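See structure below.
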Amino acid sequence: MEKEKIQLANPEGTVIKIEGLYKSFGELEVLKGIDLTVQKGENLAILGKSGSGKSVLIKILAGLLKPDKGNITMLGKQLNQLKPKQLDELRLRMGFSFQNSALYDGMSVYDNLSFPLTMNVKHLSRKQVSDAVEEALDAVGLIDKIKSNPEELSGGQRKRVGIARTLILKPEIMLYDEPTAGLDPVTCAEINALIVNVQQQYKTSSIIITHDLTCAKNTCGRIAMLIDGTFLKVGTFADVFNTNDEQIKKFYSYNFTL
Ligand code: ADP
Ligand code: MG
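Be aware that the sequence shown starts at 624, since it is given in this note's numbering, and climbs by one per residue.
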C-alpha cells in the first residue's frame with residue numbers, strides 16, 4: 624500500500640547534480656568518480672555497506688566537507704563557487720536528519736523547534752512561531768509531545784522531533800543519513816512512512832543514505848548503489864537488484880538474512 628504512494632522521478636527539473644566527485648583521506652580513496660542527479664520531488668536512496676563513503680558524500684553535499692575534485696550543483700547553485708554567506712543561505716533551503724543531529728535536552732520540544740526558526744527568520748510574531756511549531760510537530764505526528772523534554776522521548780520520537788526541527792524552515796531538499804539506524808522494525812516502518820509523508824506534504828526532494836534495504840525500498844523511487852567508491856547501479860529497486868552482479872547480490876542477501 625505504502626509503495627503506491629511513492630513518487631518516481633518527475634521531469635520538473637534537476638535539483639541536485641553531482642559530476643565527477645572524488646574524495647580521499649590520505650591514501651584512502653573513498654569516492655572515486657561519483658555522478659548523480661536528483662530530480663525535483665523524488666526520494667533517492669544511496670545504499671552501501673558500512674564504510675563505503677555514504678556519510679562523506681552527504682557531508683560534501685551539506686558543504687561540511689570539501690571534495691578533492693568534481694562539481695556539485697544544488698538548487699541551481701554550484702557549491703564550490705559560493706561564498707560562506709551564500710552557502711549559509713543555500714543550507715537554509717536544505718533540511719538535515721543526521722546521525723548526530725542531537726536535540727537539546729535542557730529545552731522543551733517546543734523550544735527545540737522554535738529556536739532554529741527564530742534564529743533564522745526575523746520579526747515573527749509569537750503566534751506565527753507557535754503555529755509553525757505546531758504544524759511541524761503535527762507533520763511528524765507528535766503534537767502531544769510539545770511540552771515534553773526530549774529526554775522523555777523514545778529513540779524514534781527523538782528522530783521525529785529532529786525531522787520536525789528541520790521541517791520548520793520548509794526545506795526544498797532533505798538529506799537523511801541513516802534515518803532508521805538503531806531503531807526497532809516497528810519504529811523503522813514509522814520513520815519510513817514519515818519520510819514519504821514529508822516528501823508529499825512539503826514537496827521535498829530527498830537523498831536518503833542507508834544500508835537498510837527495507838527503508839530504501841519503502842521510501843524511494845530510485846536507488847543508487849555505492850560500491851568501491853562509485854555508483855555501480857542506479858535505478859528502481861527492481862532495476863538494481865534484478866542483477867547477476869555478485870557484489871549487489873551479496874549486499875541483498877546479507878540485508879535480508881540478518
Ligand atoms: P559510511 O558509508 O559508513 O557512512 P563514511 O562515509 O563515514 O562511511 O566513511 C568512509 C570512509 O572514510 C571510512 O573508511 C572512514 O573511516 C573514512 N573517513 C570518513 N571521514 C573521515 C575523516 N574526516 N578523516 C579521515 N577519514 C575519514
Ligand atoms: Mg555513515
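Note that beta-carbon positions come from the ideal geometry of N, C-alpha and C, so glycine has one too. Remember, predicted model here, so these are calculated numbers, not experimental data.
With burial defined as no fewer than 16 other Cβ atoms inside 10 Å of the residue's Cβ, what is the status of residue i: buried or exposed?
| i | result |
| --- | --- |
| residue 631 | Low confidence applies to residue 631: its pLDDT is 49, below 50, so where it sits in the model is not reliable enough to give any reading. |
| residue 634 | Because the pLDDT of residue 634 is 49, which lies under 50, any placement of that residue in the model is unreliable, and the number read from its coordinates should be weighed accordingly. Exposed, since its Cβ has fewer than 16 Cβ neighbours within 10 Å. |
| residue 860 | buried |
| residue 649 | exposed |
| residue 808 | exposed |
| residue 691 | exposed |
| residue 848 | buried |
| residue 780 | buried |
In three-state DSSP terms, what is residue i?
| i | result |
| --- | --- |
| residue 666 | strand |
| residue 727 | coil |
| residue 640 | strand |
| residue 702 | helix |
| residue 685 | coil |
| residue 761 | helix |
| residue 866 | coil |
Going by beta-carbon coordinates alone, are residue i and residue j separated by less than 8 Å?
| i | j | result |
| --- | --- | --- |
| residue 688 | residue 695 | no |
| residue 831 | residue 668 | yes |
| residue 798 | residue 854 | no |
| residue 795 | residue 827 | yes |
| residue 817 | residue 783 | yes |
| residue 845 | residue 642 | no |
| residue 681 | residue 740 | no |
| residue 856 | residue 842 | no |
Environment of ligand 2 in chain order, Cβ to heavy atom below 7 Å: 677, 678, 722, 800, 801 and 832
Sequence ranges, beta strand (DSSP E) only - wholly within the segment 768-805, length at least 3: 796-800
Runs of beta strand (DSSP E) lying entirely within the segment 822-855, each at least 3 residues, in chain order: 828-833 and 845-850
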